[in-house]
Amino acid sequence: MSIDWMTALADKLERAADTRPRWSSPLKLAKAIDPKIVVTPALKLIDEALTRAYQTPDSRLMINVSPQTGKARQPHAGFLCGY
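All letters in the sequence shown, in the order written, are residues 120 to 202 by this note's numbering.
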């Protein structure tokens, strides 16, 4: 039986992908990337909403919060990375 190089590479990449760490939410991924992130109640709500939107087909989400709640870079950074 002959296995071509593309099949061997695909098998190797598939095994490597299975060993990557998985995060259950964008905030947990963002926290893993930047441990200095301070988790606030507002960020937890945003994280829950992003997770729910991700798990719901054809969902839409609009987030409106007051300034200075840390929303500028924390949980959606993990979301955009494809947690």
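A virtual CB, placed ideally from N, CA and C, is assigned to each residue, including glycine.
Because the structure is a prediction, the values reported are computed rather than measured.
{"Check": "Alpha carbon of ALA129 to alpha carbon of ARG141, nearest angstrom", "Outcome": "20 Å"}
{"Check": "Stretch pair the segment 172 to 185 + the segment 146 to 160: three plus CB contacts closer than 8 Å", "Outcome": "no"}
{"Check": "8 Å contact criterion, which ASP123 and PRO145 should meet: CB distance rounded", "Outcome": "Not really, about 38 Å apart at Cβ, beyond 8 Å."}
{"Check": "Sub-8 Å separation of ALA168 and ILE182 beta-carbons", "Outcome": "yes"}
{"Check": "Between the CA atoms of LYS163 and VAL184 - distance to the nearest angstrom", "Outcome": "12 Å"}
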